[in-house]
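What follows is a single structure, written as structure tokens, with notes after it.
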């Protein structure tokens, strides 16, 4: 029997945000301790080594932290085989989906990229997981861009890092595009199963009046937080509560709701309502023409909004590659064939671009 857990403390039945988006996605898809001192001045909290049951290779993981505007951000730094603190490596930052934490898909990709020879960092954005930032569970795209830039600074301060690339899975694909438009320290970027919305798309999907209502509810929640410090929150994913940001039939959200997949202790299935206005106004494709950083777009017909991925690829202004694969959206989170193929394509592209 499948074991699902839906853990949320506060609900607002007026805020059934993005239900049709979730249904569309479902339909179309669905360091050993001695090394600690070499990692840098930020606190090295813990180092562990684990063996992948699929590849047999050893991945070393170091708990690190850095700051952004006084907010502590916590990450897992995965180190490649043979890492000794000497020499210089290409580094990759990997970030994941809406409300996700580093123990989910970003950590999966970071570990595999380390096995492919990169130094790889997955971290919790501000407001999530082990990182600081109030209120909790706040989706704040502009802050996520700043978090990514702080992570770039952290890596470039390490003596063993020579170049940095950034990979965005699902919603972080949009964050990575926005970051790359104003960041020249990154040598390459990648999107995997990107969620790439824009206001026109959302208006067409839900109706402009519905989107306006959602924004009004979000703005009201932000005003309430400003006056009283109270946070209106709803489930991020649910099969039983129509107030959820993503609400769908049984099986749609197994990745987030099943302990055997990604319902890990560090994950909180909750979203602050006040963050939805900024989320609904994301428009990465409009920004893409300003991105000259080499980019690879990994997507499929079964991933979220495939036409948006094609539009993104067409708009990007630098060297680029479109890797059109198979599989559904959530398979790119933890299914071996899709994840391994994405890592293979991304690794090959990054090696070429980071060494030219």
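In this note's numbering, the protein residues as written are 19 to 374.
Backbone N, C-alpha and C define an ideal beta-carbon position, used for all residues, glycine too.
Test item: CB-CB of residue i and residue j under 9 angstroms
i, j, result
"residue 372", "residue 206", "yes"
"residue 146", "residue 117", "yes"
"residue 203", "residue 288", "no"
"residue 187", "residue 209", "yes"
"residue 111", "residue 169", "yes"
"residue 368", "residue 183", "yes"
"residue 92", "residue 142", "yes"
"residue 364", "residue 252", "no"
"residue 336", "residue 312", "yes"
"residue 201", "residue 245", "no"
"residue 9", "residue 342", "Since the first and last residues shown for the chain are 19 and 374, residue 9 lies out of range."
Residue from the options with nearest C-alpha to residue i
i, options, result
"residue 132", "144, 109, 244", "109"
"residue 294", "128, 111, 257, 240", "240"
"residue 148", "115, 111, 83", "83"
"residue 213", "242, 176, 316", "316"
"residue 347", "243, 234, 114, 103", "114"
"residue 302", "199, 311, 92", "199"
"residue 8", "323, 126, 185", "Missing from the structure shown is residue 8; the chain here goes from 19 to 374 and no further."
"residue 191", "257, 314, 175, 253", "314"
"residue 127", "374, 172, 354", "354"
"residue 176", "343, 319, 103", "103"
"residue 234", "342, 321, 299", "299"
"residue 325", "211, 224, 359", "211"
For residue i, the three-state DSSP class (helix, strand or coil)
i, result
"residue 155", "coil"
"residue 213", "coil"
"residue 310", "coil"
"residue 301", "coil"
"residue 339", "strand"
"residue 233", "helix"
"residue 192", "helix"
"residue 290", "strand"
"residue 208", "strand"
Beta-carbon contacts of residue i that lie in its chain and below 7 angstroms, excluding the five residues immediately before and after
i, result
"residue 105", "178"
"residue 161", "144"
"residue 41", "Because the pLDDT at residue 41 is just 43, under 50, the model does not fix this residue reliably, and the value given afterwards should be weighed accordingly. The answer, listed in chain order, is 266."
"residue 255", "262, 264, 271, 274, 275, 287"
"residue 163", "193, 196, 197"
"residue 243", "153, 249, 292"
Close Cβ partners of residue i (< 6 angstroms) along its chain, the five nearest in sequence each way excluded
i, result
"residue 349", "356"
"residue 130", "361"
"residue 297", "157"
"residue 95", "80, 82, 139"
"residue 257", "268"
Same chain only: Cβ atoms within 8 angstroms of residue i, ignoring 5 sequence neighbours per side
i, result
"residue 107", "98, 101, 135, 136, 137, 178, 179, 180"
The ligand SAM heavy atom lying under 8 angstroms from the CB of residue i
i, result
"residue 95", "Looking for the ligand SAM in the displayed structure turns up nothing, as the structure carries no ligands at all."
(request) Flag this pair as touching only if the segment 111-129 and the segment 281-290 have three or more C-beta atom pairs under 8 angstroms; answer yes or no. (result) yes
(request) Taking 8 angstroms as the threshold, find out whether the segment 321-338 comes into contact with the segment 298-310 through three or more Cβ pairs. (result) yes
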